[in-house]
Amino acid sequence: MAAKTIPTLHYLDIGRMGRGEVVRLFMKDAGIEFNDIRHPYDDTWPATSEKLKQDGITRTGKVPALLINGVILNQHIPILRYLSRDLGRYDGETNHEKYQIDAVSDIYVDWRARWVASLSGVTDDYKKNFLPQYYNIIAEYYSENKGPYLLGDKISYADFAVYQSIDNDERIGALPSELPKAVQKFREAFEARPSIAAYIEENRVKKE
């Protein structure tokens with residue numbers, strides 16, 4: 013029997029920012045060993061992007077791209093869904109749970125479009141209007157099952173995306189000074205997960 017190939021994740025070398033980090037956090041939590049290829053995001057990136065397209069690793073020239081089980085996956089939320097279904101967890105059990113995960117994932121995708129636009133400069137509209145509304149909506153969903161995770165005590169792939177929004181808003185100086193209780197409760201629980209806590213500490217030490 014041939015040895016199982018370790019998955020390979022392609023993403024930009026931008027620390028803990030961006031879509032690839034969502035996939036990275038998920039695989040860390042799930043205990044999936046993987047090769048982590050981080051491409052420099054500088055003036056060499058256009059050529060690298062084109063080569064990845066020519067090599068069939070990405071159709072759009074964008075990353076993340078995950079090579080797993082003999083297939084190439086793109087788009088970070090569909091990647092999370094694939095991994096969840098492959099593992100048989102993180103994806104909810106009932107139709108309603110799957111709906112909740114899909115709904116929050118869609119809200120996160122809308123957040124991300126606004127966040128990317130804010131990388132060139134955080135506007136008052138983003139910080140004072142959009143984000144409070146976003147986190148209040150997230151809090152409503154997280155309160156439905158009494159947390160700390162979206163599905164109560166069961167973590168789902170949507171939680172990784174929501175955590176990334178919190179973390180990345182903080183990194184650009186836009187995170188509200190006070191999060192809704194349900195969102196803060198989730199953040200604390202997520203960061204306390206052993207594999208996530210170890211990863212955060214590892215990156216903190218590297219930065220120092």
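If you're matching positions, the sequence shown starts at 13 in my numbering and goes up one per residue.
C-beta: ideal position from N, C-alpha, C; glycine also.
Since the model is a prediction, treat every value here as computed from it, not as a measurement.
_Straight-line Cα distance separating LYS40 from THR20_ = Between THR20 and LYS40, the C-alpha separation is close to 13 Å.
*Could you give the distance in angstroms between the alpha-carbon of PHE142 and the alpha-carbon of THR17?*
Rounded to whole angstroms, PHE142 to THR17 spans 43 Å at the Cα level.
*List the whole-angstrom C-beta distance separating SER177 from TYR102, where the pair is believed to meet the contact cut-off of C-beta under 8 Å.*
The C-beta separation of SER177 from TYR102 comes to about 18 Å, leaving the pair out of contact by the 8 Å criterion.
*Own chain partners of ALA14 with C-beta closer than 6 Å, once the 5 adjacent residues on each side are dropped*: Summary for ALA14: the model assigns pLDDT 44, below 50, so the residue's position carries little reliability, and this model does not support an answer.
*asked:* Between which residues of its own chain and LEU99 is the CB-CB distance below 7 Å, once the five residues before and five after are set aside?
replied: ALA42, listed in sequence order.
*In three-state terms, what does DSSP make of LEU131?*
Of the three classes helix, strand and coil, the one that applies to LEU131 here is coil, per DSSP.
_Our contact map puts PRO90 next to VAL35 with C-beta atoms below 8 Å; I'd like the distance itself, whole angstroms only._
The Cβ separation is near 10 Å, so there is no contact.
*Round the Cβ separation of ALA170 and ILE113 to the nearest angstrom and send it over; I've been treating them as touching at under 8 Å.*
With a contact defined as Cβ atoms closer than 8 Å, ALA170 and ILE113 qualify at about 5 Å.
*Excluding the five sequence neighbours on either side, which residues of its own chain have a C-beta within less than 8 Å of the C-beta of LEU163, listed in chain order?*
Counting only Cβ-Cβ distances below 8 Å, and skipping sequence neighbours, we find GLY104, GLU109, GLN112, ILE113, ASN157.
*Using the C-alpha atoms, what's the distance from LYS74 back to TYR53?*
Their Cα atoms are separated by approximately 12 Å.
*Which residues in the same chain have their Cβ closer than 6 Å to the Cβ of ASP181, if we skip the five residues on either side of it in sequence?*
Cβ neighbours of ASP181 beyond the five flanking positions: LEU187.
_Range covered by the beta strand (DSSP E) that runs through TYR153_ = Premise fails: TYR153 lies in the alpha helix (DSSP H), 143-156, not in any beta strand (DSSP E).
_TYR161 - partner residues in DSSP beta bridges_ = For TYR161, which the question treats as bridged, DSSP gives the partners GLY164.
_Once DSSP output is grouped into helix, strand and coil, what is the label at ILE44?_
Of the three classes helix, strand and coil, the one that applies to ILE44 here is coil, per DSSP.
_C-alpha distance - ARG10 paired with ASN107, whole-angstrom precision_ = The requested residue 10 is not part of the displayed model; the chain covers only 13 to 220.
*Tell me which same chain residues have a C-beta within less than 6 Å of the C-beta of ALA151, skipping the five on either side of it?*
Cβ neighbours of ALA151 beyond the five flanking positions: PRO192, ALA194, VAL195.
*Taking the C-alpha atoms as reference points, what is the distance between HIS51 and HIS22?*
Between HIS51 and HIS22, the alpha-carbon positions lie close to 7 Å from each other.
*With DSSP run on the structure shown, which of helix, strand or coil describes ASN107?*
It is helical.
_In the DSSP assignment, the beta strand (DSSP E) including VAL83 goes from what residue to what residue?_
Counting along the chain, the beta strand (DSSP E) containing VAL83 begins and ends at 83-86.
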